[in-house]
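If you're matching them up, the sequences are chains A and B in order. Position 522, counted from 1, in the first sequence is what my numbering calls 822; the numbers after and before it change by one each time, with no gaps. Position 127, counted from 1, in the second sequence is what my numbering calls 130; the numbers after and before it change by one each time, with no gaps. Even for Gly, the Cβ is constructed at its ideal location relative to N, Cα and C.
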Amino acid sequence: MAEPTVPPLSPTPINVAGPDTARRGGGPSQWADDLSPIAAADWSIERAAHLLERAGFGGTPDEIARLAAMTPQAAVAALVDYHTIADEHLTAFERSDVWDPSLRDFPVSRVAATERAEKTGEAMGVRIKPTGERRLQPVVDRFFYWLRATVLETRRLAHWWADRMVATHRPLEEKMTLFWHGHFATGEEKIRDYRKMEQQLALFHRHATGSFRELLVDVARGPAMLAYLDAAQNVKGAPNENFAREVMELFTMGVGNYTEHDIREAARAFTGWIDNDLAFKLDADKHDEGQKTFLGRTGNFDGVDILAIILDQKVTAEFIAGKIYRFFVREDLSAALQAKLGAILRDNNYQVAPLLRTLFLSRDFYSAPSFGTRIKGPIELIVSTYRKLGVKRLPGIPDLHLVSRELGQILLNPPTVAGWAQGRSWITPGLLLARGNFARDVLFPDIINFTDPNFNPGREVKRVNDRILAGMEISVATIEDTPSEGGGMGGMEGGDKTMANVIAGAEDFNTRYGSLIGWQEAVRRVKPIPRAAAQFDLAAMVLGAGAKTAGDAVDHLLTRLLRAPVDAEVRKVLVDLLERQLGTRELALAATYLERPLRLVAHLIMSSPQFQLC
Amino acid sequence: MRSSSRLGGIARRDLLRAGFGSLVLGASGNLERSPFFAEAAAAEPQDGRILVVVELSGGNDGLNTVVPYGDDAYYRARPRIGIKPERLRKLDQHIGFQSTMSGFERLYKDGRLAIVHGVGYDQPSFSHFASMAYWQTAAPNRGELYGWLGRAADAMDPEGHANYIVNIDTQQSLAVRSRGHVPLVFDDPQKFTRTGFAEEAAALKLIAGRGQAENEAQDFMLSVSRSALDAEQLVRDAWAKYRTPVDYGLVRFGLERVAALIAADFPTKIYYVAYRNNAFDTHVYQSDVHARLWTYTSDHIAAFVKDVARLGRGKDVVLMAFSEFGRRVKENTSRGTDHGTAGPAFVIGEPVAGGQYGKMPSLTDLEDGNLKYTTDYRRIYATLAGTWMGHRETESLLRGNFEPLPLIAV
């Protein structure tokens, strides 16, 4: 499928460093910190590409050309004013049928689950067996079922969301959703309920470029955040400060703008906030109705009052505006500029779109310090790779969860409530290599060796599964291997089987077995992620762009893929490699076998340090 | 016991030491050397000595680790999660390790483990991120871009040799972030490799890290790229060759990988590993979890000390284990504990003069229910960077005068 024609290749390869670098990309350094809008005369292909990469996830030369053909105002509007852009081709998340109301108030641990069952006769909708062996086994099976099911369903949710990022015509909507997810960071690993993550994700989508005021309140009262920050543990007389602390430190003001006393008073105001399955609930009995003194004000504040007081602080607008700036523009932000940005946010009553519009139009955004200086996070890297290749949907091979875990950013499971550290912390020598390996898996997917990681319960469970299938009795099948020894069947013979029977009679349940059964049930019910590799055609792209020689082809790929230049030496190595692979300089002669050699070049480009930058 | 064969041949020595010179400073040529570096160049670190820092993230509950069973106030404050004396590994009349810490007890009894009591700092932060960042930067209640170990490396090795710092992790810790060094960071030694096709191999090597940086971000990327290619080979080889009979326990958070690099004669002087993801943040139903965490931690560290001795490097290696804060004295209503202040830190190894240092904080003279610290953590840092690693300008490094503790045996 040929790409539409793009402007002819310039005589000097666009993404090779040389004397014209300044003109081609970043504007003069005087533009730094200048918020006044860029003039139409200063608009260019490279700056349109920069905009698309930052405000979205990059795109094809065609998409960039379209933006470049507009005025800067129109281009920015095309990204910021996305509510007018159609998105009917995107479908809602299709749930697997894994949850039911008996899973409400899910026990905090297996111990809690079995204790509840022993006390009341049932737990999670499952009764204890009246008589027989392992009377609590069905309860334990159920416990592990939900743990696995919610994990798997969360991976599906993450895949669905990343697919949106690849497919959307509103890239800023998804980019801001990603930003908010990193800001109001919660992880399913602790929450143990994919539905709460889905609900919170919908909040981020809804308020992506809208009111931060509304977003803050909705997220703070949202079940995901309440569960994640132990809100339910925060009760009158015994406040748990976790929630109040993170709200102030990470979500609104930052360290140093409140005291420990403020935290304790705020915690009192938040008491009684409960996640009632998927709804917010105020438990009046647990709520501390007394007077609180917070940030210099006194009153019978509840949690929403606290948030309002926080939003009244100048520092809040500056904190949020500064974080948005660092994510979209560059890390280096002067106090003076941050104050200006905070004022913009405040003057717009915390509406985010006007701030974004100002930033994306500003000379500062296009100045040299902002150009090609951002190290892409793993999700941005993954999504932008597919978008630049013109891939329309997220492929199932390679597996998103495995790649993102490898690269250090798992959607819906940030490492802590602080979210992900940006910039250099995405990169170590090992991670740079891992990014190159991801590129290889996109260009040369190893479908032969691919196995669905969601079907893999891990070594322990697999071992038990094998033994059960071989006809072993449960106790025998679940005996622990001694740590320093390897696998094997454990050598249970004769007399040991008698011991196994004794164990069977004595134990009320077997945890290992429950883990296996739970896994099997979960993986049976969770819809599988479709597993197909990406479809794209580099030869068509390159030939469609008018490339005639190997040098042209390399130049096209460099332009398409990179936002930071490589030097002439590197370009020469790539051209030499391609010519050797093709056996000729002339693409026309090699047209029938062009694809694989082009993919080798693309792999080298995508393994480069420059590919990590935008 | 230094032998030249440790370096294993000229080619290898070149790779390990000379090949990169100053990766970061050289690439752009723009970073000036501060006068600080010039002064520090006089400091000669003791050759062969290695510092291993173990971060226990989440705020370890010190009171249930080094249990003050001799103090009734402990049991009054913790009626449900307090550990009974009969279940402790008693070290003396006052304190005992919790029962799962057999490795630590052995080390203590062998005189290889120093407990530093009541470690903390003024105006303690109860935030994981802030407090851990303060420990990692040795700059409490201040912003600081670089880690204390990164700065120590810059001061002790102004030329910024490759592989001076190794951080076993998937991402670089703030503790090792440095101006002049690119730490070697890896988690899985098997995966620390780019897989490419034969046709590309030569090209991959030719272009790795080649280029002129136009800005700091590019400079950084290029220098990391350069170091990746060579480091990859060395790490994979080290891991592949490494064999040990020592059992590193059920949770291996990196010390076995450190041992592999030591066995392979890496020139690394600073290793940083972490028990990650706030594992020790035991707010709710803590007893079982905390006991398990210490089984793993105690076993893993004890195994490392044993393994390093087996390698003949016992007298070269000192390990420090710490957490970003302790926890509140009184248990909470969920059978757990909330963020607190001071806690014990541990310094371990053959060169250590084992025993107890500092003063156990009072369990009754509290600040808002929290322990008052008795030893500033930077005194431990001064001991490790100064007495142990031989760096003389610790006042500059730590931005203040902190008296070392006498816990390194002469």
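{"Check": "Residue(s) in a DSSP beta bridge with B:Ala117", "Outcome": "B:Val350, B:Gly358"}
{"Check": "Where the beta strand (DSSP E) through A:Ser662 begins and ends", "Outcome": "Where A:Ser662 is concerned, there is no enclosing beta strand (DSSP E), given that its DSSP letter is neither H nor E."}
{"Check": "Cross-strand partners of A:Trp922 (DSSP beta bridge)", "Outcome": "Residue 922 of chain A lies beyond the residue range present for chain A, which begins at 301 and ends at 914; the question has no answer from this structure."}
{"Check": "Residue of A:Arg885, A:Arg860, A:Gly851, A:Leu878 minimising C-alpha distance to A:Met906", "Outcome": "A:Arg860"}
{"Check": "CB of A:Pro729 within 9 Å of CB of B:Ser228, strictly", "Outcome": "yes"}
{"Check": "Where A:Asn713 falls, given that 16 or more other Cβ within 10 Å makes a residue buried", "Outcome": "buried"}
{"Check": "Segment limits, beta strand (DSSP E) that includes A:Leu390", "Outcome": "Neither: A:Leu390 is in no beta strand (DSSP E) and is coded neither H nor E."}
{"Check": "Chain A within 9 Å of B:Ala158, Cβ atoms only", "Outcome": "no"}
{"Check": "B:Ala324 Cβ short of 8 Å to the ligand NAD heavy atom set", "Outcome": "Among the components modelled here there is no ligand, and therefore nothing to report on the ligand NAD."}
{"Check": "Per-residue DSSP class, three states only, for A:Ser511", "Outcome": "strand"}
{"Check": "Separation of A:Ala890 from A:Asp876, as counted between CA atoms", "Outcome": "15 Å"}
{"Check": "Identity of the residues DSSP links to A:Ile916 by a beta bridge", "Outcome": "Residue 916 of chain A lies beyond the range of chain A shown here (301 to 914); nothing can be said about it."}
{"Check": "Coarse secondary structure for A:His856, derived from DSSP in three states", "Outcome": "helix"}
{"Check": "Three-way DSSP call (helix, strand, coil) for A:His587 in this model", "Outcome": "coil"}
{"Check": "Contact with chain A by B:Gly199, beta-carbon distance below 9 Å", "Outcome": "yes"}
{"Check": "Residues of its chain near B:Val254, where Cβ-Cβ distance is below 6 Å and the 5 sequence neighbours each way are ignored", "Outcome": "Tyr299"}
{"Check": "Assigned exposure category for A:Leu769 - 16 Cβ within 10 Å defines buried", "Outcome": "exposed"}
{"Check": "Contacts that B:Ser399 makes with chain A (C-beta to C-beta distance below 7 Å)", "Outcome": "In chain order: nothing, as chain A lies at least about 25 Å away."}
{"Check": "Presumed contact (8 Å Cβ cut-off) between B:Leu400 and B:Arg92, rounded CB distance", "Outcome": "The pair is not a contact, with the Cβ atoms about 36 Å apart (cut-off 8 Å)."}
{"Check": "Neighbour list for B:Val227 in chain A, Cβ cutoff strictly below 8 Å", "Outcome": "Ile727, Thr728, Pro729, Leu732, Pro909"}
{"Check": "As assigned by DSSP and simplified to three states, the class of A:Gln820", "Outcome": "helix"}
{"Check": "Simplified DSSP assignment, three categories, for A:Gly708", "Outcome": "coil"}
{"Check": "Contact with chain B by A:Gly359, beta-carbon distance below 9 Å", "Outcome": "no"}
{"Check": "Closer than 9 Å at the beta carbon, the chain A residues around B:Ile210", "Outcome": "Val866, Glu869, Val870, Val873, Leu874, Leu904, Ser907, Ser908"}
{"Check": "Nearest residue (CA-CA) to A:Leu659, options A:Lys676, A:Leu637, A:Ile679", "Outcome": "A:Leu637"}
{"Check": "Contacts that B:Val188 makes with chain A (C-beta to C-beta distance below 8 Å)", "Outcome": "Thr728, Pro729, Gly730, Leu731"}
{"Check": "Any C-beta of chain A under 9 Å from that of B:Val332", "Outcome": "no"}
{"Check": "Whether A:Leu515 touches A:His507 by CB criterion (9 Å)", "Outcome": "yes"}
{"Check": "Which of helix, strand or coil DSSP assigns to A:Thr782", "Outcome": "Legend: pLDDT at A:Thr782 = 33, less than 50; position of this residue unreliable, no value from coordinates given."}
{"Check": "The region 75 to 89 of chain B contacting the region 214 to 224 of chain B, beta-carbon criterion three pairs below 8 Å", "Outcome": "no"}
{"Check": "Inter-stretch contact (C-beta, 8 Å, three-pair minimum) for the region 82 to 91 of chain B and the region 348 to 358 of chain B", "Outcome": "no"}
{"Check": "Proximal residues to A:Ala462 (C-beta, below 6 Å), its chain only, five neighbours per side dropped", "Outcome": "Leu694, Leu700"}
{"Check": "Under the three-state DSSP convention, the category B:Tyr77 falls into", "Outcome": "helix"}
{"Check": "Span of the alpha helix (DSSP H), counted from its first residue to its last, around B:Ile383", "Outcome": "380 to 385"}
{"Check": "Local conformation of A:Pro337 per DSSP, three classes", "Outcome": "strand"}
{"Check": "Backbone CA spacing between A:Arg410 and A:Phe444 [nearest angstrom]", "Outcome": "8 Å"}
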